[in-house]
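For reference, the structure discussed in these notes is given below.
Chains as they are written, first to last, in the numbering used here: chain A, 7 to 131; chain B, 442 to 1023.
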């Protein structure tokens, strides 16, 4: 059975590259959905109950941290693995993310699809 | 016969001789007396000059009337004869009594002049001085109890400083009949001169102190000055506000307690005073504010205490604003880097994808990727262009190439350019032009196109489906309200939060009114600030653009001598306008 991955990111181009990369790299193992802000992301997550969420930390409306807090407050979302997308300069602000059970991170300006694929594979094993 | 004839001659000669002798004696005596008189007069003048000079010199160094009096007392014997010269000075807590004995007198003599002076002082002041402690100093000759001579001559001169009686100076003698009023003229002169000098100096010092006090009072920086024992000598309102003490004079403990944990004020003062050096604490955080603190020893720069350390001063500079500006700048830089890096990262990744996967074989996917490349690089280019424009504006190197141009044509072209976007977003876009528009205005067509385009694209960006965006232009007459003039051509205009427009000179007004989300007052204030604009644009990144557009709009319009303005109401919409003076 294929695993569901939800990408929540307001950068549509990044989302698309990531989605295409995951779909192509996963060779049918992954079903990937995208949402463009935290609000929409939460609705999709609630409906789809993804196996993994890739979350952008800097978004309009609901920020990444706010989304995480909300997610962890839900019975269905308290254990969902999350990989955050962030900037190198914002890494220091990630301590709350770590407390909220973030499983990994992607540095947005310098990511490699191969590494992301390996990370995702590890988590979804 | 000869002899008898000679006698009367001799007698006459003798008489003549005597007369000559007597006359010459008298003459010499008179001349001598005159010379003596002159000599005395000259001496007196010289003395007067000397003592006046000395008084002037001493008072130049000292504000202390007691020191000045000591000078007078010490040199008075060259001029006056007395048994004792004494002065009595009033200070807030005591009376200083000092007597300098030229010759030995009995202690009763001293007691007597002391009593007389006290009662003279009391009478002059109209005040009972009985309860006040008298500090007595006797100098000069010793007292001898077997001399039983009372005060027979006595003269008092009141000491007045700045129209206020501060004491009396007295000369006294065991001899009778001295000190006639006429003889005392010089003493009056001397004392008067000294008093005047001290009075003048006190005035100068008071004025200077007043100036310094006023300056310290009005300083934005908090200032606390202490003496060498860390007792507060002066504080200003700013300092009191820092520690939140509204009433009464604060003590050093108020400051020590207030800054407990943040700064050891006493320790720093001690260090500054003991080591005689200026200490700077670059940054402390206290009561939600940042302060830079300078602790410095205070040295006397005048008088006999010149160079001596008198105490310390603590100056509190509130650097909260600078810190905020610094943070804003650093946020701006990191956002800018982020905004540049994201599309660049994407471009690189797109290239990678296109190279490694089979996307190029899929026609639709590859065209998607190509348009993504285009979008990413355009957004980067826009940002770089905007940043360059802002940099040019700030450097004052924004070149405006004014040519005669038709603003109506320019606006019509811009509206046409955005028509497709408006249609796609379901927004009704139209242009309203007022009457009597001039055919040509002098402006930089390229830059004005940029301005109009920016206002239109903003309006379209922030207006929801089903809304309306109206571009308008009309001729404004000074004294008229823009909203009224817009209404006259049937154009919508949001007046809320718009400052008065009546003072705007005769101009062409171009405006864009939308029915978008509108802005709150605080947001309007930040619109034209590059730092806040950029930050909010990143947070609102579902709307395209760098947020620097309005900063640039303002710069372009102002380079044309015009003004920009906004009226807006949250939930209703906004009107952005700019003027080009006629």
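Don't be surprised by glycine CBs; every beta carbon is placed ideally from N, CA and C. Computed from a predicted structure; not experimentally measured.
DSSP-derived helix/strand/coil call for residue i
{"i": "residue 730 of chain B", "result": "strand"}
{"i": "residue 1023 of chain B", "result": "coil"}
{"i": "residue 779 of chain B", "result": "helix"}
{"i": "residue 724 of chain B", "result": "strand"}
{"i": "residue 868 of chain B", "result": "coil"}
{"i": "residue 950 of chain B", "result": "strand"}
{"i": "residue 980 of chain B", "result": "Below a pLDDT of 50, predicted positions are generally treated as unreliable, and residue 980 of chain B, at 45, falls in that range; no measurement from the model is reported."}
{"i": "residue 931 of chain B", "result": "coil"}
{"i": "residue 750 of chain B", "result": "strand"}
{"i": "residue 738 of chain B", "result": "strand"}
{"i": "residue 844 of chain B", "result": "strand"}
{"i": "residue 660 of chain B", "result": "coil"}
{"i": "residue 648 of chain B", "result": "helix"}
{"i": "residue 7 of chain A", "result": "coil"}
{"i": "residue 703 of chain B", "result": "coil"}
{"i": "residue 719 of chain B", "result": "coil"}
{"i": "residue 970 of chain B", "result": "coil"}
{"i": "residue 698 of chain B", "result": "helix"}
{"i": "residue 941 of chain B", "result": "coil"}
{"i": "residue 858 of chain B", "result": "helix"}
{"i": "residue 1014 of chain B", "result": "strand"}
{"i": "residue 596 of chain B", "result": "strand"}
{"i": "residue 17 of chain A", "result": "coil"}
{"i": "residue 956 of chain B", "result": "coil"}
{"i": "residue 618 of chain B", "result": "coil"}
C-beta contact flag for residue i and residue j at 8 Å
{"i": "residue 34 of chain A", "j": "residue 68 of chain A", "result": "no"}
{"i": "residue 585 of chain B", "j": "residue 547 of chain B", "result": "yes"}
{"i": "residue 582 of chain B", "j": "residue 610 of chain B", "result": "no"}
{"i": "residue 730 of chain B", "j": "residue 759 of chain B", "result": "yes"}
{"i": "residue 884 of chain B", "j": "residue 1001 of chain B", "result": "yes"}
{"i": "residue 106 of chain A", "j": "residue 27 of chain A", "result": "no"}
{"i": "residue 680 of chain B", "j": "residue 665 of chain B", "result": "yes"}
{"i": "residue 997 of chain B", "j": "residue 882 of chain B", "result": "no"}
{"i": "residue 813 of chain B", "j": "residue 59 of chain A", "result": "no"}
{"i": "residue 537 of chain B", "j": "residue 612 of chain B", "result": "no"}
{"i": "residue 631 of chain B", "j": "residue 506 of chain B", "result": "no"}
{"i": "residue 628 of chain B", "j": "residue 562 of chain B", "result": "no"}
{"i": "residue 749 of chain B", "j": "residue 741 of chain B", "result": "yes"}
{"i": "residue 667 of chain B", "j": "residue 693 of chain B", "result": "yes"}
{"i": "residue 565 of chain B", "j": "residue 599 of chain B", "result": "yes"}
{"i": "residue 922 of chain B", "j": "residue 952 of chain B", "result": "no"}
{"i": "residue 61 of chain A", "j": "residue 88 of chain A", "result": "yes"}
{"i": "residue 86 of chain A", "j": "residue 111 of chain A", "result": "no"}
{"i": "residue 596 of chain B", "j": "residue 558 of chain B", "result": "no"}
{"i": "residue 663 of chain B", "j": "residue 710 of chain B", "result": "no"}
{"i": "residue 622 of chain B", "j": "residue 593 of chain B", "result": "no"}
{"i": "residue 32 of chain A", "j": "residue 41 of chain A", "result": "no"}
Cβ neighbour criterion (16 or more within 10 Å) applied to residue i
{"i": "residue 700 of chain B", "result": "buried"}
{"i": "residue 956 of chain B", "result": "buried"}
{"i": "residue 683 of chain B", "result": "buried"}
{"i": "residue 124 of chain A", "result": "exposed"}
{"i": "residue 560 of chain B", "result": "exposed"}
{"i": "residue 982 of chain B", "result": "Only weak support is given to the placement of residue 982 of chain B: the predicted model assigns it a pLDDT of 43, under 50, and the value that follows is read from those uncertain coordinates. When all chains shown are included, residue 982 of chain B counts as buried."}
{"i": "residue 121 of chain A", "result": "exposed"}
{"i": "residue 905 of chain B", "result": "exposed"}
{"i": "residue 443 of chain B", "result": "Below a pLDDT of 50, predicted positions are generally treated as unreliable, and residue 443 of chain B, at 48, falls in that range; the measurement from the model is reported next regardless. When all chains shown are included, residue 443 of chain B counts as exposed."}
{"i": "residue 934 of chain B", "result": "buried"}
{"i": "residue 591 of chain B", "result": "exposed"}
{"i": "residue 766 of chain B", "result": "exposed"}
{"i": "residue 928 of chain B", "result": "exposed"}
{"i": "residue 477 of chain B", "result": "exposed"}
* Asked: Can you list the beta strand (DSSP E) stretches of 3 or more residues lying completely in the stretch 508-594 of chain B, in chain order?
  -> If we require 3 residues or more, the beta strand (DSSP E) runs fully inside the stretch 508-594 of chain B come out as 525-531, 535-542, 574-581.
* **Touching by the beta-carbon criterion (3+ pairs, under 8 Å), the stretch 719-737 of chain B and the stretch 691-706 of chain B** => yes
* **Secondary structure, alpha helix (DSSP H): runs of 4+ residues fully inside the stretch 50-124 of chain A** => 70-78, 101-105
* Counting Cβ pairs closer than 8 Å, one from the stretch 790-797 of chain B and one from the stretch 820-830 of chain B, do we hit at least three? -> no
* **In chain order, each alpha helix (DSSP H) run of at least 4 residues that lies wholly inside the stretch 864-923 of chain B** => 886-903
* Asked: Curious, which full-length alpha helix (DSSP H) runs of at least 4 residues does the stretch 780-827 of chain B contain?
  -> none
* Is the stretch 505-522 of chain B touching the stretch 550-567 of chain B in the sense that three or more CB pairs, one from each, lie closer than 8 Å? -> Between the stretch 550-567 of chain B and the stretch 505-522 of chain B, the count of C-beta pairs closer than 8 Å stays below three; the two stretches do not touch.
* Using 8 Å as the threshold, is the stretch 964-973 of chain B in touch with the stretch 903-918 of chain B, meaning 3 or more CB pairs across them? -> With fewer than three CB-CB distances shorter than 8 Å, the stretch 964-973 of chain B does not count as touching the stretch 903-918 of chain B.
* Can you find at least 3 beta carbon pairs, one from the stretch 829-840 of chain B and one from the stretch 865-876 of chain B, that sit closer than 8 Å? -> The stretch 829-840 of chain B is not in contact with the stretch 865-876 of chain B.
* **Three or more C-beta pairs below 8 Å linking the stretch 912-921 of chain B and the stretch 842-859 of chain B** => yes
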